[in-house]
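In our numbering, the protein residues as written are 624 to 966. Glycine included, every Cβ here is placed at the ideal spot set by N, Cα and C. The structure displayed is predicted, hence computed values, not measured ones. Have a look at the structure below, then the notes.
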């Protein structure tokens, strides 16, 4: 049996020699690639494998499963090694340490060969049976089908309420109306997701990226099971990270190629606030005989003026950085969907 060697280097480290897994050859271009980040899921993996194989074999399509071990400290990697040796349709990648779910999904996308890419969790809360329904919806002409855990089996105060709040905020700011951005179970056409570069905790915003690039996005209710083994890796603090990431996504989508617009707008707002404070200061002096130094208005005027100047210059610097980024690396500011009679 021939083997394919899969290795991974982290940009956070100098090149690290890491034990690679040998997996039997798989079909060059499977129709479906399922991506599963794994972190300390030794108890869930055997049942997950059985459910995945049963569900995927019933599709009538060729498939592969990319399992990314995100620095597990239990026996997850050993189990993955044993399963991959028995089934050539499993492809496994191991990180040198825990980089997080977004990094694991990014690696899975890089290694995936399928025309359709379906990420899901390894903790058995997502049901592989729903993969068929996602594919059926995708066949209706959509580019992205997002799962909606309509009957979510999680703790009400620590998981459900923060999730509902975050989803509402994301929908309003992004303009993409989905009920459940946090559901890992989604289906993407590979040409939609392959060009998306994921950083930080951005994996939940992929449907937003896709929609802004012209993709057709929809969602369907999916089954959500209560967690059977271990504990959730996420807590209440994740909600605040989601909001910060959303601000970054909105900035990158709207102002990445024109940062002077947002910084300039903030600068003019500061100038306007300073002008209003100065006008009121003059009114107090002329009509109420109030000395300038008896109010904090002069300090406020000076601060607003300085902030306005700083914001304008920050916008200019951001414009220079943006041009350097695109021009030095040959980055395009647009993406072409199709071409006719063009070399």
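query                                                                                                               : result
The region 758-768 touching the region 829-844, judged by at least three CB pairs closer than 8 Å                   : yes
Member of 920, 764 and 847 whose CA lies at the smallest distance from the CA of residue 805                        : 847
Cβ pair count under 8 Å reaching 3, the region 694-701 against the region 658-665                                   : yes
Top-ranked residue by Cα proximity to residue 897, from 807, 929 and 881                                            : 929
Pairwise C-alpha distance: residue 797 and residue 947                                                              : 27 Å
Assigned exposure category for residue 809 - 16 Cβ within 10 Å defines buried                                       : buried
Given residue 935 as reference, the closest of 736, 741, 886 and 674 once Cα atoms are compared                     : 886
Nearest candidate by alpha-carbon position, reference residue 765, set 667, 813 and 883                             : 813
Residue 691 versus residue 731: straight-line alpha-carbon distance, rounded                                        : 7 Å
DSSP three-state assignment for residue 674, whether helix, strand or coil                                          : helix
Distance between residue 908 and residue 872 (C-alpha atoms, nearest Å)                                             : 46 Å
Residue 751 vs residue 807 beta-carbon contact at 7 Å                                                               : no
Residue 869 versus 829, 880, 895 and 913, residue with shortest Cα-Cα distance                                      : 829
CA-to-CA distance, residue 890 to residue 1002, given in whole angstroms                                            : In the structure as shown, the chain begins at 624 and stops at 966. Residue 1002 is therefore absent and cannot be evaluated.
Own chain residues within Cβ distance below 8 Å of residue 642, not counting five before or after                   : With a pLDDT of 42 at residue 642, under the threshold of 50, the modelled position of that residue is not reliable, and the figure given next carries that caveat. So the list reads 717, once near-sequence residues are dropped.
Alpha carbon of residue 640 to alpha carbon of residue 772, nearest angstrom                                        : Confidence in residue 640 is poor, its pLDDT being 37 and thus under 50, which makes the residue's placement unreliable; the coordinate value appears in the next sentence. The straight-line gap from Cα to Cα measures roughly 40 Å.
Sequence-distant residues of the same chain with beta carbon closer than 6 Å to residue 927, five excluded per side : 893, 896 and 897
Span of the beta strand (DSSP E), counted from its first residue to its last, around residue 660                    : 655-661
For residue 685, the three-state DSSP class (helix, strand or coil)                                                 : coil
Coil, strand or helix - residue 770 by DSSP                                                                         : strand
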